[in-house]
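Only one structure is covered here, and it is reproduced in the block below.
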Amino acid sequence: MPSAPPIPVEIAKLSFEDALRELEEIVRTLEQGKGKLDDSVAAYERGAQLKRHCENKLAEAASRIERIQISGGEARTTPLDPG
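Encoded structure:
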């Protein structure tokens with residue numbers, strides 16, 4: 767399976783919320799079925815890049831979340847991925 771091309775810098779700079787907002791707008795526009803085919807294809811490609819960016823941001827956040835370990839009746843926190 768070929769690796770995905772790098773996410774463009776202008777998308778990589780977006781916050782999760784901004785990328786998700788733009789992705790939602792692209793989906794709404796594509797669902798309406800209006801516009802030219804070439805514009806729809808370009809929007810779809812950008813949407814795929816935004817989706818990958820959002821997935822990467824979520825993965826980064828998950829790696830920082832601490833999980834609670836119950837040990838001997840005491841709760842302590844440790845990094846989810848200490849690597």
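If you're matching positions, the sequence shown starts at 767 in our numbering and goes up one per residue.
Cβ atoms here follow ideal geometry from the backbone N, Cα and C, with glycine treated the same way.
Computed from a predicted structure; not experimentally measured.
Legend entry - Cβ-based burial, Gln-815 [other Cβ within 10 Å; buried from 16]: buried
Legend entry - Residue from Leu-796, Asn-822, Ser-829 and Arg-830 whose Cα sits closest to the Cα of Ala-722: Outside the shown range of the chain, which is 767 to 849, sits residue 722, and nothing can be said about it.
Inset, instruction - State buried or exposed for Leu-803, treating a residue as buried only when at least 16 other CB atoms are found within 10 Å of its CB. - result: exposed
Inset, instruction - From the DSSP output, in three-state form, read off Lys-817 for me. - result: helix
Legend entry - Reduced DSSP secondary structure (H/G/I, E/B, other) of Leu-789: helix
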